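Step one of this worksheet: look at the structure below.
In my numbering, the protein residues as written are 53 to 169.
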């Protein structure tokens, strides 16, 4: 009977050791994956320096190309003035059609007068 207890105790001991060993190994694997992920996402100093230089270059270019708001406001004011001038000086489509209809009626009247004589 004591052999049975010793065998059971040894089996339980091996089971506990196996459980903790498996848990430890899975944690090691998980940490290894995290380390690989972090390593793949990390940025080296040279990469950081290159991207910083590119960004500085872009910012310089933007500053060179930048146009102040008041310059745009002047342009918009000129466009508004041009639109008002166009509205005042040019015919609309409806006005043109109306004038053409008047001209057609006058031509028809002249044609009728010529045919009567």
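Ideal placement from N, C-alpha and C gives every residue a C-beta, glycine not left out. Small disclaimer: the values here were computed from a predicted structure and weren't measured.
In this chain, the alpha helix (DSSP H) harbouring residue 123 covers 121-141. For residue 118, there is no enclosing alpha helix (DSSP H), since its DSSP letter is neither H nor E. Pairing residue 136 with residue 154, the inter-Cα distance amounts to about 27 Å.
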